Amino acid sequence: MDSNRNRDIAVGLFVLASLAAIGYLALQLGGARLGSDEDLTVFARFDEIGGLKVRAPVVIAGVRVGQVDQIVLADDYRAKVRMAVANDLELPIDSSASIVTSGVLGDRYISIQLGGEEQYLEDGEEIEFVESAVVLERLIGQLIHNTNIEDEED
Amino acid sequence: MTDAIALIGSRAVQFVHEVGAVATFSGHILACLLRRPARIRRYLDEVFGLGVLSLIIICISGIAVGAVLGLQGYNTLERFGATDSLGTVVGLSLIRELGPVLTALLTTGRAGSATTAEIGTMSATEQLDGLRMMSIDPVHYVVAPKALAMVTVMPLLSALFIVCGIAGGYLVGVYWGIDPGSYLTGLETSVDFREDVLGSFIKAVVFGILVGLISTYRGFTATPTSEGVSIATTTTVVEASVCILVFDYFITALWGV
Amino acid sequence: MSETAPAQHLCLDSVTMAFGRRTVFERLSCCFPKGEISVLLGGSGSGKSTILRLIGGLVHPIDGRILVDGEDITKLANRDLAKVRHKIGMLFQGGALLDSLTVFENLALPLREHTDLDDGAIHREVDDRLASVGLHDIDDLLPNQLSGGMRKRVALARAIIRKPLILLCDEPFSGLDPISTRQVEDLLVDINRRRGITIVVVSHHVASTMRMAEQVSIVLPEGIRTGTPEEMERHEDPRIQAFLTADQDRPAGSLEEVEVLPGLGS
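Residue numbers (this note's numbering), protein chains in the order written: chain Y, 1154 to 1307; chain B, 143 to 399; chain C, 20 to 285.
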């Protein structure tokens, strides 16, 4: 029975370590939140969303605070994006949302710049100031330019 | 010519027969998992044998793979001046692909082959018949706990492999002078829970089912001789490895994981 | 041969058996009397081990009936077969003890599975049973730490721990030295006397089996010859004589294949 006990302890430690690993992947890296109904939902309309996809991150000052929930074509033929962000955020009503591209991989995400008003966005309200997707070509051009310079230096 | 056609025909019949047998076998295992008494003691022993004893190989391989990814990624990204994306590259390739697949392949080699050999030997030494004569269903007592343990252990090992890999990539990256913070934030911003982590988890579970099923089936149906057991063990490793890679493609293609 | 009464204790009734395309025997009938020790002799490949496995329901015949305690087991579903097996103990050639369990756990397993005994009662029962085969203080050993003779005796203890009506022994003397052979032989006789268990022994070992048997059956290509040991010794069939009088210290298997008892249907 003693060997059984040691074995059980080993199994227990193994499971705990693995769950910690899963937890790290899911919560820390994956940004999954327990109980997503506590999210603050805000909307934004863009003329052009580029390659923005559902589940793209929403960041403030580069810090991930939520993700894109849904993208639909609104009545005015603009892209209406629904975002779920952490509900403890206080977003001034004059905050602006812009679609930006991350790194070389070119994933689109939404960056929110905070405004200065004392009034804050309520659940389900819309961010009025928006900046549509940055033109991809410019970024690529910049990249090629940089690489060329490096090559010449070599 | 007719011989060749006949050969194809008999192979096809054999294949269909085999698929049917595997399906029946899986059904039997499922029925046994629901049947009383629940074999908790046996299950825990198998988790120990398949999981805990695989820890060292999984962790070492994980760190090594992560370190290689870090090196290769760094060298490639450096050309584009994008070494800050190293965390993203290492993390995503580990989570989406290499973690589950390599874990499954390693587990096949270590635990899958052992499972087949053990069940095959039990059959060769009449231990399975001994259980039957004691009115104990060997699938209930021997096979089902092993298969279930394989299915549950696989995602756990895979997660450990991924975390070890990320750590390995981190060590290499930081050694080469990448900012530790950008490695980790790169990871955090690019990894999505549903797209990447959940997909990785699903892959690991599917691979666990494949390896668990193939290894137990091959052991259970092994010719009860030492040669038969050795053939069955080899078959397990070959079939499980091929199945893992083929299923990996289809899961990736169908679910975009 | 096929007019065996249906209420017979332990009978094969015109049973045909084959593995794939290889016929082992055809329309074979025989009975093993209740409470007696019966011995099955025969050459390698004659299918005598198969007869035990048929009785245990481990293999299924192509045709015929197999009666265990009066019940035909050939048509039973697995669940009912498991019930019939409660009445049968089987001693396998290699013992068939579970490698990963200790001696105690091996013996306790059938009790834990099929009875409501508490741990104390199981301990007492296991110790009793081990003592009855002459073993003590080996509870915590693993089967591979035991000698061949001890393993056979532990397996015998396990086979009788649920007090079966019928005990099937597949080659109980193979691989044993003369002293262990004698021990196992005495144990089987003792079990039979004290509990009245029907015992069917399959063996090559002519000397031991002729000593303990109350009924001897010899599997020949055309069927089974059955009689008391004395009758068999006087039997006029030269093959039976050759089989019984072959050098008894040598394992009979090496002789019979070349000379007298070819495997059936090959």
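Just so you know, even glycine gets a beta-carbon here, dropped at the ideal spot from N, CA and C. Note that the structure is predicted; figures quoted are calculated from it, not measured.
- By a beta-carbon distance limit of 8 Å, Gly1215 (chain Y) does not contact Met1236 (chain Y). Their separation comes to about 16 Å.
- Proximity of Gln1181 (chain Y) to chain B, defined by a Cβ-Cβ separation below 9 Å, is satisfied.
- The C-beta distance from Gly1269 (chain Y) to Pro1245 (chain Y) rounds to 6 Å, short enough to fall under 8 Å.
- With a beta-carbon spacing of about 3 Å, Gly328 (chain B) and Gly229 (chain B) fall inside the 8 Å limit used to define contacts.
- Cβ atoms of Leu149 (chain C) and Leu126 (chain C) come within 8 Å of each other, at about 7 Å.
- At a Cβ-Cβ threshold of 9 Å, Val339 (chain B) and Leu1178 (chain Y) count as neighbours.
- Put simply, the CB of Ala101 (chain C) is near chain B, with a gap under 9 Å to one of its CB atoms.
- For Glu330 (chain B), the uninterrupted alpha helix (DSSP H) segment begins and ends at 322-332.
- In the DSSP assignment, Thr217 (chain C) is bridged to C:Ile185.
- Each of Y:Arg1231, Y:Ala1232, Y:Phe1196, Y:Gln1223 was checked against the Cα of Ser1249 (chain Y), and the nearest Cα belongs to Y:Phe1196.
- Under the three-pair Cβ rule at 8 Å, the segment 337-356 of chain B counts as touching the segment 280-294 of chain B.
- Taken in chain order, the members of the segment 122-148 of chain C whose beta-carbon sits within less than 8 Å of a beta-carbon on chain B are Leu128, Pro129, Glu132, His133.
- Residue range 368-397 is occupied by the alpha helix (DSSP H) that includes Val371 (chain B).
- Taking the beta carbon of Asp187 (chain B) as reference, the chain Y residues within 8 Å of it are Arg1160, listed in sequence order.
- Judged by DSSP secondary structure, Lys1233 (chain Y) falls within the beta strand (DSSP E) whose first and last residues are 1232-1238.
- Between Phe222 (chain B) and Thr1300 (chain Y), the gap from beta carbon to beta carbon is short of 9 Å.
- Only Arg1208, Pro1210, Val1212, Gly1215, Arg1217, Gln1220 from the segment 1196-1223 of chain Y bring a Cβ to less than 8 Å from some Cβ of chain B.
- Per DSSP, Glu1284 (chain Y) lies in no alpha helix (DSSP H) segment; the continuous beta strand (DSSP E) that holds it begins and ends at 1282-1284.
- Nearest neighbour of Glu268 (chain B) by Cα position, chosen from C:Ala96, C:Thr247, C:Gly114, C:Glu250, turns out to be C:Gly114.
- About 4 Å separates the CB atoms of Gly262 (chain B) and Ala364 (chain B); that is less than 8 Å, so the two are in contact.
- At a C-beta separation below 8 Å, Glu268 (chain B) has these neighbours in chain C: Phe111, Gln112, Gly113, Ala115.
- Neighbourhood of Ile304 (chain B) in chain Y, by CB distance below 8 Å: Ala1174, Leu1178, in chain order.
- In this chain, Asp147 (chain C) is not harboured by any beta strand (DSSP E); it is covered by the alpha helix (DSSP H) spanning 138-151.
- For Phe262 (chain C), the three-state secondary structure derived from DSSP is helix.
- Setting aside the 5 residues that flank it on each side, Met264 (chain B) is surrounded in the same chain by Leu270, Val284, each with a C-beta closer than 7 Å to its C-beta; the list follows chain order.
- In terms of Cβ geometry, Ala176 (chain C) and Leu186 (chain C) do not form a close pair [threshold 9 Å].
- When C-alpha distances from Glu204 (chain C) are compared across C:Gly39, C:Arg213, C:Ala232, C:Leu184, the shortest belongs to C:Ala232.
- Below the 7 Å Cβ cutoff, chain Y contributes no neighbours of Asp321 (chain B), its closest Cβ being approximately 14 Å away.
- Here Gly1215 (chain Y) carries a coil assignment [DSSP, helix/strand/coil].
- An exposed status is given to Thr134 (chain C), since fewer than 16 other beta-carbon atoms sit within 10 Å of its beta-carbon.
- In the three-state DSSP reduction, Gly114 (chain C) falls in the coil class, being neither helix nor strand.
- Under the three-state reduction of DSSP, Gly62 (chain C) is assigned to coil, being neither helix nor strand.
- Remark: C-beta atoms of Ser222 (chain C) and Leu60 (chain C) approach each other more closely than 9 Å.
- Cβ proximity to chain B below 7 Å picks out nothing from the segment 143-177 of chain C.
- Cβ-Cβ distances below 8 Å link Gly370 (chain B) to Gly262, Ala266, Ala364 in the same chain, with the five nearest sequence neighbours on each side left out; the list follows chain order.
- According to DSSP, Gln202 (chain C) shares a beta bridge with no other residue.
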